[in-house]
Every structure is written in structure tokens, then in C-alpha cells.
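Going left to right, the sequence shown walks through residues 0 to 435 as numbering that gives the first Met the number 0 numbers them.
We put the CB at the ideal spot given by N, CA and C, even for glycine.
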Amino acid sequence: MASAALKVLSRASKKLIKPLSPTPLTQKLHKFSLIEQAQTHTYIPIGFFYSNNQLGVLCNQPAQISKLLENSLSKNLVSYYPYAGHMKDNAEIDCNDKGVEFLNVHIDAPMSQVLNDQDCYVKDLIFPHGVAWENDSDYGLAVIQLTHFDCGGIAVSTCLSHKIGDACNGLQFSIDWATLTRDPNAKIIPPYYISDTIFPSPPSGPLESPVVPSILEGCTQKRYVFSSSKVSELRSSVASESQVKNPTPTEVLSALLFKCVAKAVTANSGSFVPSKLIQYADLRGMISPKLSPNSVGNVLSHFSTHISNEVDMNLPQIVSLMREEKQLFRTRDNIKENAWALEILELAKGLPPQKKEFDEYTCSSVCKFPFYDVDFGWGKPVAATIATGPYNKLFNLMNYKDDGIEAFVMLDEQDMSVFERDEEFLEFASPYANYI
0 MASAALKVLS RASKKLIKPL SPTPLTQKLH KFSLIEQAQT HTYIPIGFFY
50 SNNQLGVLCN QPAQISKLLE NSLSKNLVSY YPYAGHMKDN AEIDCNDKGV
100 EFLNVHIDAP MSQVLNDQDC YVKDLIFPHG VAWENDSDYG LAVIQLTHFD
150 CGGIAVSTCL SHKIGDACNG LQFSIDWATL TRDPNAKIIP PYYISDTIFP
200 SPPSGPLESP VVPSILEGCT QKRYVFSSSK VSELRSSVAS ESQVKNPTPT
250 EVLSALLFKC VAKAVTANSG SFVPSKLIQY ADLRGMISPK LSPNSVGNVL
300 SHFSTHISNE VDMNLPQIVS LMREEKQLFR TRDNIKENAW ALEILELAKG
350 LPPQKKEFDE YTCSSVCKFP FYDVDFGWGK PVAATIATGP YNKLFNLMNY
400 KDDGIEAFVM LDEQDMSVFE RDEEFLEFAS PYANYI
């Protein structure tokens, strides 16, 4: 829970923002793909911080900031109309222009106190309470929160339903919204809605209910920063000892996290368990024909790196196996042979779950996405972040300003207590960041 010293003093407003113009009748229904049917109505939470210096005279005019963002949001929803609709069932959305919730919140603390707190739940105050990563919510398909700090700085957060799109879409939504805030007359390229065209419903019909929940119970999150120099050092070390001579930052960092977290789990359990690292990949640029970055939908699959023996749980071996799996992944047909879709179809059969052969860890990287380009007219954010979640043994990687990569690590409390003291990991990672 967030620190008791930080309190949400008031919710100045909660209103519905509707699209500026009605959605055409030809676009009134949005169908979910198989992957979206499998997911619960969970939200992808992304937040951006802007200092009082960036806001200038606006830092003392919270009502004007809110009005500015509300007006541009209304224009943005003309293109992103499914988020303003109503989910009829697990198969489709009625794009009825109901609107999205827009919240105004004031936090009784300066922005620096929230950003620099070691407790990740403190930064979660900038997200709507009880929304981020939740399996179900009384809110609609999108919830926006504008947070005002005592110092005059603000945070803008979006929680967009994973039933419609992924993190790539969440970021593009914010980029387009920011563009319309800077210039109300800007021309936004309308997104292309993939819907169920790539991953249609099973022949038997849409899934009646989701089969992949988020599980947050008993988990805690810690955030770490890898400076550019430390990332380079780690890449050089792995390259000198493995068959991979040009390892990427994501490869070496995900391997380091995998190794050190598995080591903590082994220490607590008393014995090594065969383990695998699952990594999700965006298919937009990999399928034919390629999809543009503003294609809205969950177009993804995954590949896995398996470690069966503890002696192989070392960085050179992990990265070498990871590169092999990645290359195999890129050569297969990830539509017809989509690993994620095939797993969903098995889960949908409702059979008793089989005992898993490997302990599962997951790494999701959004390092290629330009989170620090979201400029509402006040310059680049001083920080960008995601909320705590959504499940155990997960590592989220994203760029950290212009210098390095930030890792958000989700573990149960017992494993985290061991992991956060790992000397090999702390040789490269800083436990938390002083953003401002």
C-alpha cells in the first residue's frame, strides 16, 4: 500500500469525456480477436510526469490544464472510438460513444517525493484507484487520471483496456492525444482496427468468458535502473563468453533477471526447478503484409528459453539459447503457428490443468517504444512509468530517460527479500532512481 504520509486529498472531478463527433453507424461494432477474448477486462496503465518548470504559468492553473486535456481528449476519441464504447459481452464492443472517465486528483506532496519513493505503490497513486491491471472494474474501457502535486507539477495517466489493444496502442493513444493538445488543428493518422481479422474466434464461436486472469495476490514490485554504461559492460561481458557477439540490451538484462530471480526462488525452495523464460513479441513488423505501428489490437506471440539444469543457468548459456529461440521464432508462421493462440485454445477446453514441467518467468520489453516523446506542449516527461503488476515472476523493461533501462520486477515477498540482496544483480542495477 502507498505510504500513509501521502494522501489523495480530493477528487475535484470525475466526468465522462465523449468523442467530439459521433461514431459512424458502419463502425458501431468492434469485435474481439481470439487473444482478446481470452484476456480479462484488465487495463494497461501508463503514466507521464511533468514538472512545474515545464508547465510555467499553468502550474498554478489546474482547472485550465484539465480543460485543455479534456478538449484534446474528446478530439482524440474520434479516432479511438472503441475506448469510448460499452463492452456488450466477451465478443464485441458497442461503440456507442458513452465516453471515458476523466478523473482529477490532488496529492498532498511534491512530485519528487512520489517519484523518488522506494515503495513502488507510492507512484501508483497517479493511477485510478483499483483500476490498473485489475481483472474487472466498474469503470469503462478507458480511464484517465490527471494528478496535481503540491509543487505545481502534474502526472497524466491512461488505463486502456487490454481487450482492445496492447502497450503499443496505449502509447500511440497518448502520443496522438499529446499532439492534439499541442496543436488542436493537427491531423492525426486514424488507427487501423485489426479486430478479429488475424486471430478470429474458434469455429465453435467466441469464448464465453476469459481464460487468462491477472494474479496479484502476495506479490510486490521493485524497480531498478541499469545505466547505459552498466548495460554496455554487461553486453561486453556476455559477448566475450558466449556465441552471441552482439547481444542486445534486452537479451542481457532479461537473462540477468532470469538467472538472479531463479537463484532467489531456488534458495527459498531448497532445490533447483527446471525453468523457462517466456518473452512476448510484437508481430506487427514480422507478418506479411506488415502492420503499421498504429494498428490497434493484440498482435503478439511468444517464445521461450528453457533451462533444465542448474549448471546451465549462467548468462552466456541463457543468452545463446535465447538467441537461438528468437531466430526460430522469426522463421515460423506466427499466425498459423501462434504459440499464444494455441495455448488459449487449449485453456478454452476447460480440461484440468496439467502439471507444468518448467517453472515459468516472463519478460516483457517496451524499450523500443518512445515513451519519452509524449509531449503535451510542456516538453518531454521527466519520467514515464507503468503501474505495479500484473503477476508474479514478471520483469517489465522500459527506457529510462536518455540514460539506460528501467526494470520493474514482480515477485512474491519471500523471493523478493532474497533477490533484492543479490550481489551479482546489484553490480549492474541501482535499486531505485532519483528522477528529479
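Task: Where Lys325 falls: helix, strand or coil (DSSP) - done: Helix at Lys325.
Open item on the list: Could you check whether Ala340 and Leu114 sit closer than 7 Å to each other, using their CB atoms as the reference points?
Closed with: No.
- [ ] For Pro109, decide whether its Cβ has a neighbour in chain D, counting only Cβ atoms nearer than 7 Å.
- [x] In the structure shown, chain D cannot be found, because there is only a single protein chain.
Task: DSSP three-state assignment for Cys362, whether helix, strand or coil - done: The three-state secondary structure of Cys362, taken from DSSP, is strand.
Task: Three or more C-beta pairs below 8 Å linking the stretch 52-62 and the stretch 112-127 - done: No: the two stretches stay apart, fewer than three of their Cβ pairs being nearer than 8 Å.
- [ ] Drop a sphere of 10 angstroms on the beta-carbon of His305, count the other beta-carbons inside from all chains shown, and report buried for 16 or more, exposed for fewer.
- [x] Answer is exposed; the Cβ neighbour count stays below 16.
Open item on the list: Per the DSSP calculation, Met397 is bridged to which residue(s)?
Closed with: Looking at the DSSP assignment, Met397 forms a beta bridge with Glu405.
- [ ] Quick one: using the 10 Å Cβ neighbour count with 16 as the cut-off for buried, is Glu426 buried or exposed?
- [x] Burial call: exposed.
TODO: Say whether the stretch 388-407 touches the stretch 141-151, bearing in mind that this needs 3 or more beta-carbon pairs closer than 8 Å, one atom from each stretch.
DONE: No contact exists between the stretch 388-407 and the stretch 141-151.
Open item on the list: With H, G and I counted as helix, E and B as strand and the rest as coil, what does DSSP make of Asp118?
Closed with: Residue state, collapsed to three classes: coil.
TODO: List the DSSP bridge partners of Ser160.
DONE: Note: Ser160 sits in a beta bridge opposite Tyr42.
Task: Nearest to Gln326 (by Cα), restricted to the options Lys74, Ser287, Ser303, Leu344 - done: The residue with the shortest Cα to Cα distance from Gln326 is Ser303.
Open item on the list: Using 8 Å as the cut-off, can you tell me whether the stretch 153-164 makes contact with the stretch 40-55, which would need three or more C-beta pairs spanning the two stretches below that distance?
Closed with: The stretch 153-164, when compared against the stretch 40-55, does touch it at the 8 Å Cβ threshold.
Open item on the list: Once DSSP output is grouped into helix, strand and coil, what is the label at Lys275?
Closed with: It is a strand residue.
- [ ] For the beta strand (DSSP E) holding Asn103, just list the boundary residues, first then last.
- [x] Start and end: 99-106.
TODO: Along the beta strand (DSSP E) that carries Gln220, what are the first and last residues, could you check?
DONE: Residues 218-225.
Task: Asp175, buried or exposed, once every other Cβ within 10 Å from all chains shown has been counted against 16 - done: Asp175 is buried by the Cβ-count criterion.
- [ ] Select from Cys150, His301, Gly98, Leu170 the residue whose C-alpha is nearest the C-alpha of Tyr138.
- [x] Checked all of Cys150, His301, Gly98, Leu170; the closest Cα to Tyr138 is Gly98.
Task: Distance between beta carbons of Leu282 and Asn333, contact taken as under 8 Å - done: Sure, about 5 Å apart at Cβ, within 8 Å.
Task: Residue range of the unbroken alpha helix (DSSP H) whose run includes Glu336 - done: According to the DSSP assignment, Glu336 belongs to no alpha helix (DSSP H), since it is labelled neither H nor E.
- [ ] Select from Lys30, Val373, Gln413 the residue whose C-alpha is nearest the C-alpha of Tyr192.
- [x] Closest in alpha carbon position to Tyr192, among Lys30, Val373, Gln413, is Lys30.
TODO: Spell out the partners DSSP gives Asp93 in its beta bridges.
DONE: Per DSSP, the beta-bridge partners of Asp93 are Leu28, His85.
TODO: Classify Gly55 as buried or exposed, calling it buried when 16 or more other Cβ atoms lie within 10 Å of its own Cβ.
DONE: The residue in question, Gly55, is exposed, as its Cβ has fewer than 16 Cβ neighbours within 10 Å.
Open item on the list: Quick check: what's the CA-CA separation for Ala3 versus Gly151?
Closed with: Annotation note: pLDDT 46 at Ala3 (below 50); position unreliable, no value reported.
Task: heavy atom of the ligand MN below 6 Å from Val408 C-beta - done: This structure lacks the ligand MN; in fact it carries no ligand of any kind.
- [ ] May I ask which residues mark the beginning and end of the alpha helix (DSSP H) holding Val142?
- [x] Annotation for Val142: no alpha helix (DSSP H) segment contains it, though the beta strand (DSSP E) segment containing it runs 141-148.
Open item on the list: Suppose the cutoff is 7 Å on Cβ atoms and the five residues either side in sequence are ignored; what does the same chain contact list for Ile188 look like?
Closed with: Asn293, listed in sequence order.
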